[in-house]
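Have a look at the structure below before the remarks.
2 protein chains.
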Amino acid sequence: MNTRAVKALAPGATIGILGGGQLGRMLALAAARLGLKCHILCPDPQSSAFEVVRRATVAAYTDNGALDRFARSVDAITYEFENVPADAARFLAARKPVLPDPAVLATTQDRLVEKTFISDLGIATAAFASAATREELDAAVAKIGRPAVLKTRRMGYDGKGQATIGDGTDLTKVWRDIGGHPAIVESFVPFEREISVVVARGGDGAVACFEVTENEHRDHILKVSRVPAAVSPVVAVEARRIAEAIAAAFDYVGVLAVEMFVVPDGAGHAVLVNEVAPRVHNSGHWTIDGASVSQFEQHIRAVAGWPLGKPVRYGRVEMINLIGAEVETYTQWLEVPGAAVHLYGKGAPRPRRKMGHVTRVFPEPAS
Amino acid sequence: MNTRAVKALAPGATIGILGGGQLGRMLALAAARLGLKCHILCPDPQSSAFEVVRRATVAAYTDNGALDRFARSVDAITYEFENVPADAARFLAARKPVLPDPAVLATTQDRLVEKTFISDLGIATAAFASAATREELDAAVAKIGRPAVLKTRRMGYDGKGQATIGDGTDLTKVWRDIGGHPAIVESFVPFEREISVVVARGGDGAVACFEVTENEHRDHILKVSRVPAAVSPVVAVEARRIAEAIAAAFDYVGVLAVEMFVVPDGAGHAVLVNEVAPRVHNSGHWTIDGASVSQFEQHIRAVAGWPLGKPVRYGRVEMINLIGAEVETYTQWLEVPGAAVHLYGKGAPRPRRKMGHVTRVFPEPAS
Numbered sequence: 000m001n002t003r004a005v006k007a008l009a010p011g012a013t014i015g016i017l018g019g020g021q022l023g024r025m026l027a028l029a030a031a032r033l034g035l036k037c038h039i040l041c042p043d044p045q046s047s048a049f050e051v052v053r054r055a056t057v058a059a060y061t062d063n064g065a066l067d068r069f070a071r072s073v074d075a076i077t078y079e080f081e082n083v084p085a086d087a088a089r090f091l092a093a094r095k096p097v098l099p100d101p102a103v104l105a106t107t108q109d110r111l112v113e114k115t116f117i118s119d120l121g122i123a124t125a126a127f128a129s130a131a132t133r134e135e136l137d138a139a140v141a142k143i144g145r146p147a148v149l150k151t152r153r154m155g156y157d158g159k160g161q162a163t164i165g166d167g168t169d170l171t172k173v174w175r176d177i178g179g180h181p182a183i184v185e186s187f188v189p190f191e192r193e194i195s196v197v198v199a200r201g202g203d204g205a206v207a208c209f210e211v212t213e214n215e216h217r218d219h220i221l222k223v224s225r226v227p228a229a230v231s232p233v234v235a236v237e238a239r240r241i242a243e244a245i246a247a248a249f250d251y252v253g254v255l256a257v258e259m260f261v262v263p264d265g266a267g268h269a270v271l272v273n274e275v276a277p278r279v280h281n282s283g284h285w286t287i288d289g290a291s292v293s294q295f296e297q298h299i300r301a302v303a304g305w306p307l308g309k310p311v312r313y314g315r316v317e318m319i320n321l322i323g324a325e326v327e328t329y330t331q332w333l334e335v336p337g338a339a340v341h342l343y344g345k346g347a348p349r350p351r352r353k354m355g356h357v358t359r360v361f362p363e364p365a366s
Numbered sequence: 000m001n002t003r004a005v006k007a008l009a010p011g012a013t014i015g016i017l018g019g020g021q022l023g024r025m026l027a028l029a030a031a032r033l034g035l036k037c038h039i040l041c042p043d044p045q046s047s048a049f050e051v052v053r054r055a056t057v058a059a060y061t062d063n064g065a066l067d068r069f070a071r072s073v074d075a076i077t078y079e080f081e082n083v084p085a086d087a088a089r090f091l092a093a094r095k096p097v098l099p100d101p102a103v104l105a106t107t108q109d110r111l112v113e114k115t116f117i118s119d120l121g122i123a124t125a126a127f128a129s130a131a132t133r134e135e136l137d138a139a140v141a142k143i144g145r146p147a148v149l150k151t152r153r154m155g156y157d158g159k160g161q162a163t164i165g166d167g168t169d170l171t172k173v174w175r176d177i178g179g180h181p182a183i184v185e186s187f188v189p190f191e192r193e194i195s196v197v198v199a200r201g202g203d204g205a206v207a208c209f210e211v212t213e214n215e216h217r218d219h220i221l222k223v224s225r226v227p228a229a230v231s232p233v234v235a236v237e238a239r240r241i242a243e244a245i246a247a248a249f250d251y252v253g254v255l256a257v258e259m260f261v262v263p264d265g266a267g268h269a270v271l272v273n274e275v276a277p278r279v280h281n282s283g284h285w286t287i288d289g290a291s292v293s294q295f296e297q298h299i300r301a302v303a304g305w306p307l308g309k310p311v312r313y314g315r316v317e318m319i320n321l322i323g324a325e326v327e328t329y330t331q332w333l334e335v336p337g338a339a340v341h342l343y344g345k346g347a348p349r350p351r352r353k354m355g356h357v358t359r360v361f362p363e364p365a366s
């Protein structure tokens, strides 16, 4: 296992964060608890993360002048989203430590490269095949069979750039629906449940996994996470082993999330990796209230070269996303005993936009 | 019971906070969780709270121009410390809602007025007498007896402006030691333990008490808080009743802390009020990690006109202050399983300065 030396920042040091959404916001709030400052760079002047830091830069990721000033003002750099342009990451990495290593992005920004990387580690995924062109799509579907899922290789999240291929699906139409971009075809997985593991890895190679989380999606967007997941100990151990193996293979520094399917497999169950997110993840939001150290703090600790925390979970936890107009229910949630309400300060609710979340912890002794 | 109508702020509204220390900082972090913005005003350009907000004003509390601009930029105003100059509070209250009502400060800024107020509610305190002058000091000590404690009426905290009067104490010397300011003499209380109650009260008169906290001071500064306190149910009920009665008597909006002594009293125990803090309080810091809604969030909710939370406690909790150079132990605390480390971003540690705290939650089912 390789490790990369990460210089420990002193309290009061500044971490630069690329991206100003709710993940950047919660990273900055976690850094503040630890006495670390953040400087956030984002092209959107309305970024909700700007409100919780002293220093914010509105600039395009292609604005090298702004990136250079940003790099000079910080001690280390991280990001809240996986689609950081490779050029920007390289430009910044030449000036200040960028963690996790931007090389990870080259893998996770492309579904085909990511799936191949995971397969090559001997970790199971749904069967997949490249569909770089309309012609290759025919061959891929012939190989994978139906039902299958067509996904663009790049820039897909929350169900964007995806289409289902059923028995009667016209391949020319779905190809057009996803914009004719290079894609992959994945075998449709009749999963029993969706789970994820949020794993933190330090520059010293230390690893700390949060417990396996069970996720419920609605309309391709995470709606509810529950911890612990209703899976067997064998599945839980396997899920954590997979997440740790992927983090180690990337020589990763920071927090990484692995989304997996649990499928019935003869007498037992198998775990298939669906997706890797090289960042803090919505399915880890429960850790803010439900554990002594959150995913956001683990990420900040890793980037700052501080030791990872050893989180204790406070009980059974449920996290509910407030999506779009659902955010208006916050007034009701404020009254629910034990409910921890989080609003992201995003302004007007748009459909499918993540506006906040609620965590409910049902305390029980640590296991 | 009077109540004052507090207009509910919309998410995205701005709360102005007077004072930029760690309490203001943690108030701003709590507001951020709820999607509310904060604008902090403090004369100290190095205020640690400035780092966690977008808008900060460096100005004296006597700078009416700055206060006017501050008031225009916010939707409601609160404060992190009880020594807000009365003129500033009045100036601001003429422009925007200031909560809790500045009238409370007139009482709590003066130990004699505060103790009299509490006594008049029929709530027990240590015996006390005014020592406005050197001559009155003789009469006060004659009345109260020795041992006693001499305290300046104004501006005392963390043991500042206090002196013990023992059998052989020269009254002229102690009078000089405390600067010859108007003072009170209090009977020395041979307490069994020190406790506090943090109570939140909304503009609608709703009240939510956190559980009784047991406090251990070292050198007059809070060192450790433990919840639940090792007191009988009778004492716990009495302590909460007292805190709620004081909040109601003030027609208070926000969070208020009452420090009390538990003293053996014949077959049982009695509770004597030591001090009232019209603000969030160090002995309530455990609520950030140990409960679903923190004292800071309760205060923000009350000021914002939102319903108070119904906090669930996650287990037995211990909070340890990191004072002065003790902050350097943070690297060790980072490694302790279950420890939640908080650093206030205050720069160089000076003796007696509160630099951070650590919370340890030992999960157990909610009672």
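Taken in order, these protein sequences are the chains called A and B. With numbering that gives the first Met the number 0, the residue at position 227 of the first sequence is 226, and numbering never jumps. With numbering that gives the first Met the number 0, the residue at position 329 of the second sequence is 328, and numbering never jumps. Glycine included, each C-beta is placed from N, C-alpha and C at the ideal position.
The beta carbon of B/Cys-37 sits closer than 6 Å to the beta carbons of Ile-14, Ile-16, Ala-27, Ala-30, Val-52 from its chain, once the five residues preceding and following it are set aside; these are given in chain order. Take A/Tyr-60, set aside five residues on each side of it, and the residues of its chain with a beta-carbon closer than 6 Å to its own are Pro-84, Ala-87, in chain order. Scanning A/Pro-44, A/Asp-62, A/Asn-63 for the CA closest to the CA of A/Arg-54 turns up A/Pro-44.
Listed by position along chain A, the residues whose Cβ is nearer than 9 Å to that of B/Arg-53 are Phe-49, Glu-50, Val-51, Val-52, Arg-53, Ala-55.
Counting only runs that start and end inside the stretch 159 to 242 of chain A, the beta strand (DSSP E) elements of at least 3 residues fall at 161 to 164, 182 to 186, 192 to 200, 206 to 208, 212 to 217, 220 to 226. Taking 8 Å as the CB threshold, B/Leu-136 stays off the interface with chain A. When only Cα atoms are considered, B/Leu-170 and B/Thr-56 end up about 44 Å apart. As DSSP reads the structure, A/Ile-14 sits in a beta bridge with A/Cys-37, A/Ala-75. Note on the stretch 235 to 290 of chain A: whole alpha helix (DSSP H) runs with a minimum of 4 residues are 285 to 289, in chain order.
Taking 8 Å as the threshold, the shortest C-beta distance from B/Lys-36 to chain A falls below it.
Of B/Glu-317, B/His-298, B/Gly-314, B/Pro-362, the smallest CA-CA separation from B/Ile-76 is found for B/His-298. The DSSP-derived three-state label of B/Met-354 is strand.
Cβ neighbours of A/Gly-344 within its own chain (closer than 6 Å, five residues either side excluded): Ser-47, Glu-50. Residue nearest to B/Ala-182 within the set B/Arg-153, B/Val-198, B/Ile-117, B/Gly-165 is B/Arg-153 (criterion: CA-CA distance).
Burial is judged here by how many other beta carbons sit within 10 angstroms of a residue's own beta carbon; A/Gly-165 has fewer than 16 and is exposed. Assignment of B/Ala-9 by DSSP, reduced to helix, strand and coil, places it in the coil class. Out of A/His-219, A/Gly-167, A/Arg-200, A/Gly-308, the CA that lies nearest to the CA of A/Arg-278 is found in A/Arg-200. Among the bridge pairs identified by DSSP, B/Arg-315 is matched with B/Phe-361. Residue burial is scored here from C-beta neighbours: A/Glu-237 has at least 16 other C-beta atoms within 10 angstroms and is therefore classed as buried. If you look at A/Ala-338, you'll find it in the beta strand (DSSP E) that goes 338 to 342. A/Thr-106 carries a helical assignment under DSSP once its states are collapsed to helix, strand and coil.
Here A/Val-57 carries a strand assignment [DSSP, helix/strand/coil]. Under the DSSP assignment, B/Ala-301 falls in the alpha helix (DSSP H) whose first and last residues are 294 to 303. By the Cβ neighbour-count rule, B/Ser-231 is exposed, with fewer than 16 other Cβ atoms within 10 Å of its own. Closest in alpha carbon position to B/Val-275, among B/Gly-304, B/Ala-244, B/Pro-350, is B/Ala-244. Secondary structure note for B/Leu-98: it is in no beta strand (DSSP E), with a DSSP letter that is neither H nor E. Contact between A/Val-233 and A/Arg-315 is absent: CB atoms are separated by about 21 Å, not below the 8 Å threshold. What A/Leu-33 touches in chain B, judged by beta-carbon distance under 7 Å, is Val-340, Leu-342, going in chain order.
A/Ser-46 carries a coil assignment under DSSP once its states are collapsed to helix, strand and coil. In the structure shown, B/Thr-132 adopts coil according to DSSP, grouped into three states. By alpha-carbon distance to A/Leu-98, the top candidate from A/Trp-332, A/His-356, A/Gln-108, A/Glu-79 is A/Glu-79.
Counting only residues of its own chain and dropping the five nearest sequence neighbours on each side, A/Ala-207 has a CB closer than 6 Å to the CB of Ala-199, Leu-307. For B/Leu-91, the enclosing alpha helix (DSSP H) begins and ends at 85 to 92.
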